[in-house]
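Undergrad: Can you keep this structure in mind? I'll have questions shortly.
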Amino acid sequence: MTTIDDLTRLVPPPRSPVAARGDWAQVESALGLALPADFMALVERYGTGQFVDFVTPLNPFGDGSPLLQWSRRILAEESESREEYPEEHPHPYYPEPGGLLMWAGTDNGDRLCWLTQGAPHTWRTVAWNPRGHGWSVHPFGAVAFLHHWLSGETAVQGLLPAPETAQPWFDPFVERVHVNIRLVGPPRDDPDYPERLRILRAALAPTVDRGGVDDGDGIRQDHFDVPERRWKLTYETAYGHQIRLGHPPADEEHARTALLAAVRAMGCTVERVTTRLGEPAWR
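Residue numbers (our numbering): 7 to 289.
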């Protein structure tokens, strides 16, 4: 049986987890359900944050109590669709008896839910995406599911595979400002892309690789972190030639200076800098 210790050996937890402690009895009373012990251990060891920049467990002690917030949201969102297309909804939804109760979400909109049938330690995980209505049921609770997925032992229908990396990671929650630094040219199939990436990472060193995408046809995405400053970056040609940066709010001036210097070292020119919403930034 996979335990929390197996998961922490695979993915080291943060030294100071965010919002990792709270009143479990109060949470269970609000839900009207006892929760699995492995999930409690997961929250207490990792706190609020994200596995491999993709899977976010719903911490009941985080801002707005995400676990409680989502507990009744799915039924409200899916009721109308279920009435019209019952065949696309094979499981009940909490608080219906034995219904799906969400314990994590992904950046693609996937939902990882318990099928709350039987004793909590026997609850299985259902992975599904409401946009595609693809369902897969797995005989694991939260901790075992994460361990199997992160280690590559289990492929999940409709869920992207975990990044191929020697060390899966967990990032504790940090408030970040996100900007897109759009660069002038070159074309997607630029042969100098690897060298530009090397220069960028050298300018911001030390950095930690967080995986990437290369379709072999000029579309690249390379993700990396600057752990000393808690910055997260993507250099890419997938959605235009750009650098995407997330940094703590207090770091704005330092980030601006460092990134603009790195862009010059890369031999590139900034076309524009915008927020995630497309509004001008770094004026």
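Beta carbons are placed, not taken as given, at the ideal position from N, Cα and C, and that holds for glycine. No experiment lies behind these values; they were computed from the predicted model shown.
(1) Looking at C-beta atoms only, is the number of pairs between the stretch 107-120 and the stretch 65-81 that lie closer than 8 Å three or more?
(2) Could you check the C-alpha separation between Thr9 and Val149 for me, to the nearest Å?
(3) Specify the secondary structure class of Ala125 as computed by DSSP and reduced to three states.
(4) Mind checking who Asn114 pairs with in its DSSP beta bridge?
(5) Since Leu107 sits in a beta bridge, which residues does DSSP pair it with?
(6) For the stretch 178-203, which segments carrying the alpha helix (DSSP H) assignment without a break, of at least 4 residues, lie completely within its bounds, in sequence order?
(7) Which residues mark the beginning and the end of the alpha helix (DSSP H) in which Gln32 is found?
(8) Keeping to the same chain, check which residues put their C-beta closer than 8 Å to that of Val162; ignore five residues upstream and five downstream.
(9) Is there a Cβ of chain D sitting closer than 8 Å to that of Cys119, yes or no?
(10) Classify Ala328 as helix, strand or coil using the three-state DSSP reduction.
(11) Give the DSSP-derived three-state secondary structure of Trp141 in the structure shown.
(12) Quick check: what's the CA-CA separation for Asp231 versus Gly273?
(13) What separation, rounded to the nearest whole angstrom, lies between the Cα atoms of Pro286 and Arg278?
(14) Could you give the first and the last residue of the continuous alpha helix (DSSP H) run that contains Gln75?
(15) Comparing C-alpha positions only, which one of Gly252, Thr112, Pro98 sits nearest to Gln123?
(16) On the three-pair Cβ rule with 8 Å, is the stretch 206-216 touching the stretch 258-273?
(17) Which residues bound the beta strand (DSSP E) around Ile249?
(18) Pro255 to Thr280, Cα distance in whole Å?
(19) Decide if Arg51 is buried, meaning its Cβ has at least 16 other Cβ atoms within 10 Å, or exposed.
TA: With the structure as the only source:
(1) yes
(2) 7 Å
(3) coil
(4) Per DSSP, none; premise fails for Asn114.
(5) Trp120
(6) none
(7) 30-37
(8) Ala133, Ser142, His144, Trp155
(9) In summary, chain D is missing from the structure at hand, where a single protein chain is found.
(10) A question about residue 328 goes unanswered here, because the residues of the chain that appear run from 7 up to 289.
(11) strand
(12) 22 Å
(13) 8 Å
(14) 72-77
(15) Pro98
(16) yes
(17) 248-253
(18) 15 Å
(19) buried
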